[in-house]
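Residue 44 in this note's numbering is what sits at position 1 of the sequence shown, and the numbering runs on without skipping anything.
Report on the following structure.
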Amino acid sequence: MFSGLGPWVQRLPGRLVHVNTLGCGIFAAVSGSSAATAATIGRISLPELKARGYDDSISIGSLAGAGTLGLLIPPSIVMIVYAVAAQVSIIRLFVAGVLPGILLMCLFSAYIAFWSIRHPDRVPPATEQLSLGEKVRRLRLLLPVVLLIVAVIGSIYGGIATATEAAVLGVVGSLLIAGVGGSLNWKTFTASLLGAARTSCMISFILIGAAYLTSAMSFTGLPANLAAWIGSLGLSQYALIAVLTVFFIILGAFLDGISIVVLTTSVL
44 MFSGLGPWVQ
54 RLPGRLVHVN
64 TLGCGIFAAV
74 SGSSAATAAT
84 IGRISLPELK
94 ARGYDDSISI
104 GSLAGAGTLG
114 LLIPPSIVMI
124 VYAVAAQVSI
134 IRLFVAGVLP
144 GILLMCLFSA
154 YIAFWSIRHP
164 DRVPPATEQL
174 SLGEKVRRLR
184 LLLPVVLLIV
194 AVIGSIYGGI
204 ATATEAAVLG
214 VVGSLLIAGV
224 GGSLNWKTFT
234 ASLLGAARTS
244 CMISFILIGA
254 AYLTSAMSFT
264 GLPANLAAWI
274 GSLGLSQYAL
284 IAVLTVFFII
294 LGAFLDGISI
304 VVLTTSVL
């Protein structure tokens, strides 16, 4: 990741810290999970940035922020759960998440640049300046992952495959890349199967609970009463969005994203 992305950000304020943002954006488009994105990229980038003399606050802070890109950038697991709970199109949600995800990446990079300009003594100087040809050659190291993203997301957007079929394509592509790269063995294969089984079971139980919660809400009439109460407040659209934003921030301090989606979809 550092060999492929690092040369392209050496001239930017913040330099290799931008690799956190770019790497999280790329990995989010593969995993669809914020936790997996932050854990995987952090395992790669934090030791490397520390060894090169970068300040821990900006290294860890940029990772913590960019790790949330897994919530927005397709194929986001949270989007899939919301689509099932709210009975809306998964493909339309995926399309809607691309631009906000890219915008958030740009904002993270802008903050890194601003912070680095204010604290130039806490960012080491550029270590190497490569020619354009060498940068392009190093960028080819990321080609397998980029092709996997294009195959999965492109097949959905192009109407070639459903979300489920694209997921199968992603699994097969990941196995091929791992096999060719030499990182696929029986231990990693079984660990991947167990991880996928745990995640699938967790989401299935959450959705079962959400179905019961939705039925209970319908019997009690809580959604209709809540909607009537909100309507009586006379809030504008933007004021309502602001109130909901504060509400979700408070929930986010205690619950994970999937739980928040399941609990609030049936009400809101």
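Where a beta carbon is used, it is the ideal one built from N, C-alpha and C, also for glycine.
Computed from a predicted structure; not experimentally measured.
Next item on the list: Assign C67 to buried or exposed, taking buried as 16 or more other Cβ atoms, counted over all protein chains shown, within 10 Å of its Cβ.
Entry: With 16 or more Cβ atoms within 10 Å of its Cβ, C67 is classed as buried.
Checklist line | In chain order, each beta strand (DSSP E) run of at least 3 residues that lies wholly inside the region 183-230 | finding: Correct list: empty.
Check: Which stretch, first to last residue, makes up the alpha helix (DSSP H) that contains W158?
Finding: Start and end: I133 to R161.
Notebook entry, point to check: Out of G295, V310 and W229, which has the shortest C-alpha to C-alpha gap to S261?
Noted result: In terms of CA proximity to S261, V310 leads the group G295, V310 and W229.
Next item on the list: Kindly indicate which residue of V62, D99, T111 and G96 has the alpha-carbon position closest to the one of T313.
Entry: The structure shown does not extend to residue 313, since the chain is modelled only from 44 through 311, so no value can be given for it.
Next item on the list: Please determine, among P56, V124 and G140, the residue with the shortest C-alpha to C-alpha distance to T242.
Entry: When only C-alpha atoms are compared, the closest one is V124.
Next item on the list: Please classify S302: does DSSP put it in a helix, a strand, or coil?
Entry: Correct three-state label for S302: helix.
Next item on the list: Would you grab the beta carbon distance between V73 and L191 for me? Rounded to a whole angstrom, and I think it's under 8 Å.
Entry: Contact holds; Cβ gap of about 6 Å.
Next item on the list: For N63, count neighbouring Cβ atoms within 10 angstroms of its own Cβ and tell me buried if that reaches 16, exposed if not.
Entry: By the 10 Å Cβ count, N63 comes out buried.
Item checked: Proximity of P56 and A156 at Cβ, strictly below 8 Å -> Their beta carbons are under 8 Å apart, which means P56 touches A156 by this criterion.
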